[in-house]
Amino acid sequence: MEQHIYNLLLAIFIGALSGWGAILFQHILQGTQFAFYQNSHDILTFHGSVSPWKLALLPAVGGLLVGLVVHFGASEAKGHGVPEVMAALALQGGRIRKRVALIKILASAICIGSGGSSGREGPMVQIGSSIGSSVGQLAGVTVMHQRTMVGCGAAAGIAATFNAPIAGVLFALEIIIGDFGLMSFSPVVIASVTATAISRSYWGDLPNFSIPTYEIHTLWEFGIYPLLGVLAAFAAVAFIIVLYKAEDVFEKLPLPEWLKPALGGLLLGLIVLQWPEAFGVGYGTMNMALHSQMTGLMLLSLIFVKIAATSLTLGSGGSGGIFAPSLFIGAMTGGAFGWAAGQLFPGIAPPGAYALVGMGAVVAGTTHAPITAILIIFEMTGDYKIILPMMITCILATIVASALKRDSIYTLKLRRRGIDISGGMEQNILRALKVKRFMTSEVTTVPESMPLIDIILTFKNDNVPYLHVTGKTGQLTGIISFRDIRPLLREDGLHYLVIARDVGTRDLVTVTPSDDIQKAMRIMSARGISQLPVVESSGTGHVVGALRQKDVLMAYDKAIIRRELEDF
């Protein structure tokens with residue numbers, strides 16, 4: 289009970305710091321945009337007065353600054369933030385470097401303020417989680433409670449950013465922690481409420497979007513929304529695919545990492561020249577869609593424009609979140625669908641109602657978190673009347689998106705790095721380590737035709753536990769251990785009759801340099817062996833080294849120690 293009360297007090301402290309952190313981040317973001325464009329309002333209110341050269345080039349300047357800040361400050365600040373928090377929970381027991389919060393504030397403010405197409409929620413989740421992690425480490429809590437402290441920070445970040453305390457709680461429990469137990473639930477709620485109270489006392493208790501009151505006019509209109517759920521799922525999956533394809537393309541470019549966000553910003557600037565709606569977070573454009581003030585063609589085109597703009601921003605190494613872009617894509621998808629449905633069925637709800645539902649549906653499809661999506665739209669708009677079609681559409685979008693793409697936009701980034709959040713920290717550390725880093729290239733090979741007497745002498749002279757038997761083309765065909773030849777040592781008559789091909793193990797199991805250590809350990813354990821041959825990845829079967837169990841265990845111990853000392 290004393291520990292629970294202590295955690296609640298820490299949660300209040302984390303919520304307060306995260307609430308003020310969100311306020312600080314918003315002011316820095318506004319100041320950064322003013323520094324770039326001499327205006328801190330939505331781009332739609334002033335883009336006509338900005339020189340085309342500025343619109344085209346300033347996102348590139350911002351990208352260059354982001355690249356330098358991330359490169360010299362903290363590499364974790366790159367990207368959309370949430371996967372980095374999930375990785376810290378999976379690999380490091382919730383330990384996040386203390387500098388991450390400040391670097392993330394600066395990098396994301398520059399990225400979004402200069403025109404980068406990304407959102408504020410990812411940065412604030414990472415900032416809040418970093419605050420929670422730092423407080424937990426300073427308080428000396430256990431690993432289990434440290435995870436809760438990170439969840440408190442994530443919830444507080446979402447709550448303060450979107451004025452959405454309930455959604456903040458569900459986001460932390462559903463996506464970050466994955467635990468709805470009372471020991472986690474209570475502190476997360478307290479942190480979320482505290483951050484919301486501070487945010488509302490500063491900004492006021494106003495919804496993010498002011499929308500007309502939408503209602504379902506006829507019962508049969510419920511039959512239209514499932515189709516929107518399916519379309520939203522396809523939009524969400526398209527966003528995920530294009531984002532990570534862009535990341536792959538930029539990863540392969542022969543440029544320094546710190547320069548790539550500048551190239552992404554330059555390409556983004558060319559898009560903004562034609563479609564200023566792609567600039568920054570895009571709340572102004574979303575409001576227009578929610579008020580049914582856009583044509584069907586514009587709504588449709590902006591789906592693809594926003595996907596491209598955000599993929600260039602974040603895929604090149606920019607810093608920001610994917611939540612706001614998902615809301616934007618959803619508003620355009622729903623608005624375009626509503627516009628088309630209105631042409632076919634006059635008298636149904638206006639396109640703005642479908643834009644509202646589409647926002648939640650695409651968020652649900654990208655994050656695979658329908659509860660969070662439903663609640664955050666409700667809290668951001670204050671509109672309860674359209675909650676029923678929202679629930680239907682979000683659930684269906686999640687089901688279809690999960691069928692099309694097993695991973696969410698968050699977990700896919702982790703899986704691409706070899707991290708499975710369903711596994712423990714130890715398993716993920718082993719997955720992150722590759723064979724090529726710890727194998728030895730000092731192996732002894734013998735031809736298949738080598739007689740037994742020479743095999744015995746090789747073991748004696750080289751003092752090795754295994755001999756690798758190779759064929760005429762150099763491919764591995766067998767493994768000989770000293771145990772295999774021990775029964776033949778006293779058989780003098782066999783010393784020149786038996787050759788390497790006749791002894792040892794021909795039922796081979798190998799690894800390649802690109803395999804992870806967890807796979808190697810699993811093989812060693814199943815076979816009861818202490819060493820594995822390493823062969824070329826190309827499939828030729830040529831031996832390039834060996835992986836010894838003692839080296840694997842030493843590598844694992846070093847990795848654990850390194851994780852523990854990262855903060856010092």
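Taking the numbering used here, the leading residue of the sequence shown gets 289, the next gets one more, and so forth. Beta carbons: idealized from backbone N, C-alpha and C, even for Gly. Computed from a predicted model, the values in this text were never measured in an experiment.
For this session: Give me the Cβ distance between Gly416 and Ala444, rounded to the nearest whole Å; I'm assuming they're in contact under 8 Å.
Result: 5 Å
Exercise. I think Thr681 touches Ala649, with their Cβ atoms under 8 Å apart; what is that distance to the nearest whole Å?
Worked result: 5 Å
Problem set entry | Close-in-space but distant-in-sequence residues of the same chain around Leu776 (CB under 7 Å, 5 per side omitted) | Leu740, Leu782 and Val786
Problem set entry | With 16 other Cβ atoms within 10 Å as the buried cut-off, status of Lys693 | buried
Problem set entry | Contact set for Glu854: own chain, Cβ-Cβ below 8 Å, skip 5 residues either direction | The predicted model places Glu854 with a pLDDT of 46, which falls under 50 and marks its position as unreliable; any figure quoted below should be read in that light. The answer, listed in chain order, is Gln380, Arg383 and Arg385.
Exercise. From Val431 to Phe726, what distance separates their C-alpha atoms?
Worked result: 29 Å
Exercise. Looking only at C-alpha atoms, which of Ser418, Lys392 and Gly401 sits nearest to Pro411?
Worked result: Lys392
Problem set entry | Sequence-distant residues of its chain with Cβ nearer than 8 Å to Ala304 (five each side left out) | Thr482, Ala483 and Ile486
Problem set entry | Residue from Phe666, Thr621, Met809 and Ala521 with nearest C-alpha to Ile697 | Ala521
For this session: Taking the CB atoms as reference points, tell me whether Ile464 and Gly439 lie closer together than 7 Å.
Result: yes
Exercise. In chain order, which continuous runs of the alpha helix (DSSP H) of length 4 or greater are located wholly inside the stretch 472 to 543?
Worked result: 513 to 540
Exercise. The alpha helix (DSSP H) with Arg836 in it runs from where to where?
Worked result: Arg836 -> not in any alpha helix (DSSP H); beta strand (DSSP E) instead, spanning Val831 to Arg836.
Exercise. Taking the continuous alpha helix (DSSP H) assigned at Val786, which residues delimit it?
Worked result: Segment: none, Val786 is in no alpha helix (DSSP H) and carries neither H nor E.
Exercise. Which residues bound the beta strand (DSSP E) around Gln819?
Worked result: Gln819 to Val823
For this session: Could you pull the start and end residues of the alpha helix (DSSP H) that Ile768 belongs to?
Result: Run containing Ile768: none in the alpha helix (DSSP H); it sits in the beta strand (DSSP E), Leu764 to Ser769.
Problem set entry | Reference Ala447; option with closest CA among Arg435, Pro475, Gln434 and Ala479 | Ala479
Problem set entry | Neighbour-count burial assignment, Thr583, 16 or more Cβ in a 10 Å radius | exposed
For this session: Take Gly361 as the anchor and find which of Val723, Ile674, Ala637 and Ser607 has the nearest alpha-carbon.
Result: Ser607
For this session: Report the option in Tyr490, Tyr325 and Ser474 whose CA atom is closest to the CA atom of Gly307.
Result: Tyr490
Exercise. Sorted by chain position, which residues of the same chain lie with C-beta nearer than 7 Å to Val423's C-beta, five sequence neighbours on each side aside?
Worked result: Leu298, Phe301, Ile302 and Met437
Problem set entry | Proximity winner among Gly336, Phe770, Leu578 and Gly309, relative to Asp671 (alpha-carbon distances) | Leu578
Exercise. What is the DSSP secondary structure of Lys673, reduced to helix, strand or coil?
Worked result: coil
For this session: Compare the beta carbon distance of Pro821 and Thr800 with 7 Å and say whether it is the shorter of the two.
Result: no
Exercise. Going by beta carbon distance, what residues of the same chain come within less than 7 Å of Ala455, once the five residues before and after it are set aside?
Worked result: Ile446, Thr660, Leu663, Ile664 and Glu667
For this session: Could you spell out the range, first to last residue, of the beta strand (DSSP E) harbouring His756?
Result: Tyr754 to Thr758
For this session: Starting from the C-beta of Thr320, find all residues in its chain whose C-beta is less than 6 Å away, skip the five residues before and the five after it, and write them out in chain order.
Result: Ala397, Ile398 and Gly401
Exercise. Would DSSP call Pro634 helix, strand or coil?
Worked result: coil
Exercise. Taking the runs of the alpha helix (DSSP H) that are 4 residues or longer, which of them lie wholly in the stretch 364 to 428?
Worked result: 370 to 380, 388 to 401 and 409 to 427
Exercise. Under the DSSP definition of a beta bridge, which residues are partnered with Val799?
Worked result: Val822
For this session: Report the rounded CA-to-CA distance for Leu587 versus His335, giving the unit in angstroms.
Result: 19 Å
Exercise. What do you reckon, are the CB atoms on Ala524 and Gly603 nearer than 7 Å?
Worked result: no
For this session: Please specify which runs of the alpha helix (DSSP H), each continuous and at least 4 residues long, are wholly inside the stretch 557 to 594, giving them in chain order.
Result: 571 to 578
For this session: Starting from the C-beta of Ile528, find all residues in its chain whose C-beta is less than 7 Å away, skip the five residues before and the five after it, and write them out in chain order.
Result: Thr654, Lys693, Ile697 and Leu700
For this session: Please go through the same chain and pick out, in chain order, the residues whose beta-carbon is closer than 6 Å to the beta-carbon of Gly517, but skip the five residues on each side of it.
Result: Ala649, Thr681, Leu684 and Ala685
For this session: Output the distance between the C-alpha atoms of Gly407 and Phe616, rounded to the nearest integer angstrom.
Result: 10 Å
For this session: Would you please state the rounded distance, in angstroms, between the beta carbons of Pro753 and Ala788? I believe it to be under 8 Å.
Result: Going by Cβ atoms, the distance from Pro753 to Ala788 rounds to 16 Å, so no, they are not a contact pair.
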